[in-house]
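Trainee: Okay, handing you the structure first.
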Amino acid sequence: MLSSSVAQYAAQYGRTPHLAVIIAGDDEGSKSYVRAKARASAETGIRNTTIELPATVSQQELCDLVQSLNADDDVDGILVQLPLPEHIDSCAVISSVALEKDVDGFHPLNVAALWQKRPCTPPCTPRGIIRLLDAAGVEIEGKRAVVVGRSNIVGMPMSKMLLDRNATVTTAHSRTKDLGAITSEAEILVVAAGSPHLIKADMVRDGAVVIDVGVNRTPDGHLCGDVDFDAVAAKASVITPVPGGVGPMTICSLMENTVECYLKRMNNVAGK
Ligand code: GUN
């Protein structure tokens, strides 16, 4: 259990890992993610500071706040919840996070390290999905994998991480022609398209492993994934529900990334 390791590290190093989370604006989805991150931190023994800013915050104010957290020796991880308000250049803010505190794995140097197969902090959702596949005993090597979606947060790093595990990977997206023909080939299908119930049973191969990353809100306020769960579950060998599938694994990975950043910092300080 990560929480017992964290308790041991805290005793050894004399301080607990500390994650700072910044959220700007009132998006209800983002606010609930940030609350879940604070809950998981408490359960793991990680100190959590959540900083809520109005949607009107300027890019300069946001970058100044990040800089002060970068300079704070008591902070091990910094997460800026996305999406940011439209007037802010997310890339500039993400790039202002100190590389060694980038628990999201979104800093350009972390992204480059992932794509060059060098040691890096991997993004939380793909890391959680690989962990889930391994825990479910799914062999990745040699499998035909299809990732639907090409975002920087999920689709692109997911494709790369499956490739690094020797899957044969196709990245499909909103402009893909005859999506069903592509997804039907998949032995491992990861869907991160942000389109409710996009994937129907006739688009899925018998026995496929289906990972649903979508979190969509239906008009009646319920959450649903990108996969038509009930119909696809009848064909899939493994399938993740929404909610309760990938989401908790993402948060688990965030806790792991935070502890790893903390340990690297503690060992660097000790080695000085
Ligand atoms: N918004 C949706 N997913 C994520 C994530 O993994 N990290 C951050 N910072 N924002 C997100």
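Position 165, counted from 1, in the sequence shown is what my numbering calls 170; the numbers after and before it change by one each time, with no gaps. Cβ atoms here follow ideal geometry from the backbone N, Cα and C, with glycine treated the same way. Please read all numbers here as calculations on a predicted model, not as lab measurements.
Does the distance between the C-beta of V85 and the nearest non-hydrogen atom of ligand 1 fall short of 7 Å?
Mentor: Result yes, Cβ under 7 Å from ligand 1.
Trainee: DSSP has E57 in a bridge; who is on the other side?
Mentor: Partner(s): I28.
Trainee: Three-state secondary structure (DSSP) at I134?
Mentor: Three-state DSSP puts I134 in a helix.
Trainee: Taking C-alpha atoms, which residue in A239, C257, C229 lies nearest to P248?
Mentor: That would be C229, whose Cα lies nearest to the Cα of P248.
Trainee: Give the single residue among M161, P201, R210, V143 whose Cα lies nearest to the Cα of P127.
Mentor: That would be M161, whose Cα lies nearest to the Cα of P127.
Trainee: Taking 8 Å as the cut-off, does the stretch 124-141 touch the stretch 102-112 (at least 3 CB pairs, one atom from each stretch)?
Mentor: The stretch 102-112 vs the stretch 124-141: in contact.
Trainee: Let me check one thing: in DSSP terms, what residues is R52 bridge-paired to?
Mentor: R52 pairs with H23.
Trainee: Take every Cβ of the stretch 232-240, pair it with every Cβ of the stretch 193-206, and state whether three or more of those distances are shorter than 8 Å.
Mentor: They touch, by the three-pair rule.
Trainee: Tell me I83's beta-bridge partners as DSSP assigns them.
Mentor: Note: I83 sits in a beta bridge opposite A25, D107.
Trainee: For D224, count the other beta carbons within 10 Å of its own beta carbon; 16 or more makes it buried, fewer makes it exposed. Which is it?
Mentor: The sequence given here places Pro at residue 224; Asp does not occur at that position. It is exposed - the Cβ of P224 has fewer than 16 other Cβ atoms within 10 Å.
Trainee: From M254 to Y38, what distance separates their C-alpha atoms?
Mentor: Computed Cα separation, rounded: 13 Å.
Trainee: Confirm, please, whether the CB-CB distance from Q64 to V98 is below 8 Å.
Mentor: Yes, the Cβ-Cβ distance between V98 and Q64 is below 8 Å.
Trainee: Please go through the same chain and pick out, in chain order, the residues whose beta-carbon is closer than 6 Å to the beta-carbon of G82, but skip the five residues on each side of it.
Mentor: For G82, where only same-chain residues beyond five positions count, the Cβ hits under 6 Å are L24, K106, V108, T263, C266.
Trainee: Could you give the distance in angstroms between the alpha-carbon of I145 and the alpha-carbon of N171?
Mentor: Taking the straight line from one Cα to the other gives about 7 Å.
Trainee: Roughly how far, in whole angstroms, is the beta-carbon of K122 from the beta-carbon of D169, given that I think they are within contact range, below 8 Å?
Mentor: So it is a contact: roughly 6 Å between Cβ atoms.
Trainee: Grab the span of the beta strand (DSSP E) containing I193 for me, first residue to last.
Mentor: 193-196 is the extent of the beta strand (DSSP E) around I193.
Trainee: Let's see if you can read the secondary structure: which residues bound the alpha helix (DSSP H) around I216?
Mentor: I216 -> not in any alpha helix (DSSP H); beta strand (DSSP E) instead, spanning 214-217.
Trainee: Is DSSP giving R180 helix, strand or coil here?
Mentor: R180 falls in the coil class under three-state DSSP.
Trainee: Which of helix, strand or coil does DSSP assign to R44?
Mentor: Here R44 sits in helix by DSSP.
Trainee: I need the straight-line Cα distance from Y14 to R20, nearest angstrom please.
Mentor: So the two alpha carbons sit approximately 8 Å from each other.
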